[in-house]
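Engineer: Quick one: this structure, given as C-alpha cells, is what I'll be asking you about.
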Amino acid sequence: MNLLGRYLRETLVNLSRNALMSVASVTIIGASLLLLGVLFVLVRNLDALVAEEAGKAQVTAFFKPGTDVEIVLRRIREIRRYAEVAEATYVPKDKLIKRVFKHNPRAEEFAKDIKFPEAVEVKTHLPEQGRAVAGRIARMAEVHKVNYRAALVERLLAVKRAVNLGGTGMVVLFALAALLTVSNTIHLTITAREQEIGIMQLVGATAWYIKMPFLLEGMTHGLLGALLALGGLAAGYGYIFRYLQSTLPFVEAVPPGMVTGTLVVLLLGAGVTYGLLGSYLSVRRLLHVG
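In the numbering used here, the protein residues as written are 75 to 364.
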C-alpha cells in the first residue's frame, strides 16, 4: 500500500512539474480519441442505414399524382406476373403520408399542400434482378418515379469505405502525434528529475521502482484525454440525435445508448494505451536501468 501511495504521489509531482506540456498532451490525446469516436459512431450509423435499406423493397415505384386507383391496381397485378418479382405491395397514399410523418402527430396538417402519389413496393427473388425490374416499371406511362434501393445501398457502402479509409488515416496521424507529445512530456519530466533518479540508482532502487511513476504519468494523460473525448462525444452526439429526432424524424439515427458502452471501453482502452506507449518510449530511451 505504501508503494502504491508513493507511485501516486510521484505521478502527481511529475504532472505538476510540466503542467503546460501535460495539458497539451491530454488535449492532443483527447482530439485523437474524439476523432476515433466520431469515426466509430459514423460507421455504426452507416451500418444501421445499410441494414435498414437492404431489408426494404428493392424497388419502389411512385405513380403520377391523380392516377385512378383502379389503374394503379391493374398495373400492380401486371407487375406481380413478372417472373423476377417475389412480392409487389400496394402502398396507398394515406399509408405513405403516415409513414413519412410517423413521428409527427401533425402529419395531416403537413400533408394538406402536398400531392402524395400511390406507390408499389417490389421485392425480387434475387437482389441483382432489381435493376431490370425497375427499368420495366419505369417505362409504364402512369409511373412518375422509380427508386432502386440496391443502387442506394451500393452508394452507402462506397461512402462507408471512403469514411473508413480517410478516417483511419486521420486517426493514425493523430495517434502518432499523441504518442510523440506524451513521449516528449515524459522526456522533460525525466530530464528535470535526473539528479533524483541518479541518487535512487546509487542507493539500489529497482528499475521498476524508478520507472513506474513515469509510466503512470503517461497513462494518466491517456485516461484524462479519453474522458475529455467521451465528454465531447456525449454532448455532441446527444445534441445531434435530439436535433434529428425533432427536425428530421424520418432519419433513423442510432440512439446514443446503443453505442455508449462500446465507446467507453474503446476510448478508455485506446487512451491508456496511447499514454503507456508514449511514456514507455521515453523511459526506455532515457532511463538506462534494469
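Ideal placement from N, C-alpha and C gives every residue a C-beta, glycine not left out.
Since we're looking at a predicted model, the values are computed, not measured.
(1) Between the alpha carbons of Trp282 and Arg223, how many angstroms are there, rounded?
(2) For Glu161, which residues does DSSP report across the bridge?
(3) Under 8 Å: do the region 96-106 and the region 242-254 share three or more Cβ pairs, one atom per stretch?
(4) In chain order, what residues of the same chain have a beta carbon less than 6 Å from the beta carbon of Val357, not counting five sequence neighbours either side?
(5) Is DSSP giving Tyr156 helix, strand or coil here?
(6) List the whole-angstrom C-beta distance separating Pro330 from Gly312, where the pair is believed to meet the contact cut-off of C-beta under 8 Å.
(7) Should the region 255-270 be regarded as contacting the region 133-141, the criterion being three or more beta carbon pairs within less than 8 Å?
(8) Bridge partners for Asn221 per DSSP, in chain order?
(9) For Ile264, count the other beta carbons within 10 Å of its own beta carbon; 16 or more makes it buried, fewer makes it exposed. Which is it?
(10) Kindly examine the ligand GTP and report whether one of its heavy atoms sits closer than 7 Å to the Cβ of Val146.
(11) Buried or exposed for Arg359, please, with buried defined as at least 16 other CB atoms from any protein chain shown within 10 angstroms of its CB.
(12) Within the continuous alpha helix (DSSP H) that includes Glu268, where are the two ends?
(13) Tell whether a beta-carbon distance below 8 Å holds between Glu192 and Val143.
(14) Determine whether the beta carbon atoms of Ala292 and Gly349 lie at a separation below 8 Å.
(15) Do you know how far the Cα of Ile314 is from the Cα of Gly296?
(16) Using a Cβ-Cβ cutoff of less than 8 Å, which residues in the same chain neighbour Val124 once the five nearest sequence positions on both sides are dropped?
Structural biologist: Looking at the atomic coordinates:
(1) In the sequence shown, residue 282 corresponds to position 208, counting from 1. In the sequence shown, residue 223 corresponds to position 149, counting from 1. If I take the Cα positions, the gap works out to 60 Å.
(2) The count along the sequence shown starts at 1 and reaches residue 161 at position 87. Paired residues: Lys197.
(3) yes
(4) Residue 357 sits at position 283 when you count from the first residue of the sequence shown. Excluding residues within five positions, the ones whose Cβ falls inside 6 Å are Lys285, Phe288.
(5) The residue labelled residue 156 in the question sits at position 82 within the sequence shown. In this structure, Tyr156 counts as coil in the three-state DSSP scheme.
(6) Here residue 330 corresponds to residue number 256 of the sequence shown, with the count starting at 1. Here residue 312 corresponds to residue number 238 of the sequence shown, with the count starting at 1. That belief holds up - the Cβ atoms of Pro330 and Gly312 are roughly 5 Å apart, short of 8 Å.
(7) no
(8) As a first step, residue 221 must be located in the sequence shown, where it is residue number 147. Answer is Thr134.
(9) Here residue 264 refers to the residue found at position 190 of the sequence shown. When all chains shown are included, Ile264 counts as buried.
(10) By its list of ligands, the structure shown contains no ligand whatsoever, and the ligand GTP lies outside what it can speak to.
(11) Here residue 359 refers to the residue found at position 285 of the sequence shown. Exposed is the call here.
(12) Against the sequence shown, residue 268 aligns to sequence position 194. Its alpha helix (DSSP H) spans residues 268-276.
(13) As a first step, residue 192 must be located in the sequence shown, where it is residue number 118. As a first step, residue 143 must be located in the sequence shown, where it is residue number 69. Going by C-beta atoms, Glu192 is nearer than 8 Å to Val143.
(14) Looking up residue 292 in the sequence shown gives position 218. Looking up residue 349 in the sequence shown gives position 275. A quick correction: the sequence has Gly, not Ala, at residue 292. Taking 8 Å as the Cβ cut-off, Gly292 and Gly349 qualify as a contacting pair.
(15) Your numbering for residue 296 matches position 222 in the sequence shown. Your numbering for residue 314 matches position 240 in the sequence shown. So the two alpha carbons sit approximately 26 Å from each other.
(16) For this step, residue 124 is matched to residue 50 along the sequence shown. Once the five neighbours on either side are set aside, the close Cβ partners of Val124 are Val227, Leu230, Leu231, Lys234.
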